[in-house]
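Take the sequence shown: its letters are residues 1 to 149, numbered as in full-length UniProt numbering.
Note that beta-carbon positions come from the ideal geometry of N, C-alpha and C, so glycine has one too.
Input: a single structure, listed below in structure tokens.
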Amino acid sequence: MKFVKNQSFGFYLGILTIIAAIVGMYFYFVNSATATFGNIPLNAVTVYGGVLAIVLELFVLIAGQFKANNGWLGVLTDISCVAIAVLLVWGATVFFADRINLFAGVMTFNRNAQTLADMSSALIGIAALFGSGALAIVASFFRVSKTTR
């Protein structure tokens, strides 16, 4: 219980960032296996960038628990905060760019229940990844723990 009381607003935003990134990655993989978007190969920027962003966010949450944030650990934490936001937004942008032409095709020529469902799963994944990037940006302005300076 003491651990939960010592956490600051940035910790909870970091947890929300991880959850949103996992949801976005899940919908990316689901959407890549659909009939409409299955012919688009997985992009390394979205896959590896999303996984690396989740690992870096975990690093920030763990490193934020220590009082030694003024030295090299603080520099690594600050660099990680920037890298997390860049990787998530870059991955979401690539996810969107890979599918934008097929969105237009679905809305003009292939509009049926299956293609609209495939398109909605892509839009949910894109929104989740962009949302996790926005959460990462906001979380970088807050401390992770109340006991650290």
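The alpha helix (DSSP H) enclosing GLY105, as first and last residue numbers:
72-108
Best match in ALA53, VAL30 and GLY38 for proximity to ILE137 [C-alpha to C-alpha]:
ALA53
Cα-Cα separation between SER140 and ILE124, rounded to whole angstroms:
24 angstroms
Give the range of the alpha helix (DSSP H) segment to which LEU123 is assigned.
113-139
Find out if the Cβ-Cβ distance for the pair VAL94, VAL45 is shorter than 7 angstroms.
yes
Write down the C-beta distance between TYR6 and ALA122 rounded to the nearest angstrom, noting that I regard them as a contact closer than 8 angstroms.
A small fix is needed here, since residue 6 is Asn in this sequence, not Tyr. So it is not a contact: roughly 40 angstroms between Cβ atoms.
Span of the alpha helix (DSSP H) holding THR34?
It is not in any alpha helix (DSSP H) - THR34 carries neither H nor E in the DSSP assignment.
Quick one, are the C-beta atoms of LEU21 and SER132 less than 7 angstroms apart?
It is Ala, not Leu, that sits at residue 21 in the sequence shown. Contact: yes.
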